[in-house]
Amino acid sequence: QVHVVESGGGLVQAGGSLRLSCAASGSIFNANDMGWYRQAPGKQRELVAMLRTGRSPQYTDPAKGRFTISGDSAKNTLYLQMTSLKPEDTGVYYCNVRYYGSTYREYWGRGTQVTVSS
248 QVHVVESGGG LVQAGGSLRL SCAASGSIFN ANDMGWYRQA PGKQRELVAM LRTGRSPQYT
308 DPAKGRFTIS GDSAKNTLYL QMTSLKPEDT GVYYCNVRYY GSTYREYWGR GTQVTVSS
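Here the sequence shown stands for residues 248 to 365, where the numbers follow my numbering.
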């Protein structure tokens, strides 16, 4: 069992930056996928960025060029650096970790709120 806790959200003006953190109770860097998702009010949860084993970081179009996903295995922490924030980036940001072994396992945090004012 892995517990992940997001932090770093807050209120920021458009054009500003935030760094989100996802701290895990155990090692998550042996996971197959580690990613950040977000959910805006009234909308479905969507992928923002993902680290996949053996692959370069992947970003969805809204995040490309502005967000950077990274990790620190010594701290069991996943990060999302967000720059040039826009009001449409507002939402709850969630950390997700997946293991595709003999038993599929998936873990979500409770999210951290990001609000970007215009």
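Every residue, glycine too, gets a C-beta built ideally from N, C-alpha and C.
Asked                                                                                                                                   : Found
Let me check one thing: in DSSP terms, what residues is Ser364 bridge-paired to?                                                        : Gln260
How is Asp308 classed by DSSP in three states: helix, strand or coil?                                                                   : coil
Can the beta-carbon of Gly358 be found closer than 8 Å to that of Tyr340?                                                               : yes
Spatial neighbours of Gly356 within its chain, please: C-beta separation below 7 Å, excluding the five flanking residues on both sides. : Val251, Val252, Glu253, Cys269, Tyr341, Cys342
Who are Val252's beta bridge partners in DSSP?                                                                                          : Ala270
What's the gap between the Cα of Tyr347 and the Cα of Val361?                                                                           : 30 Å
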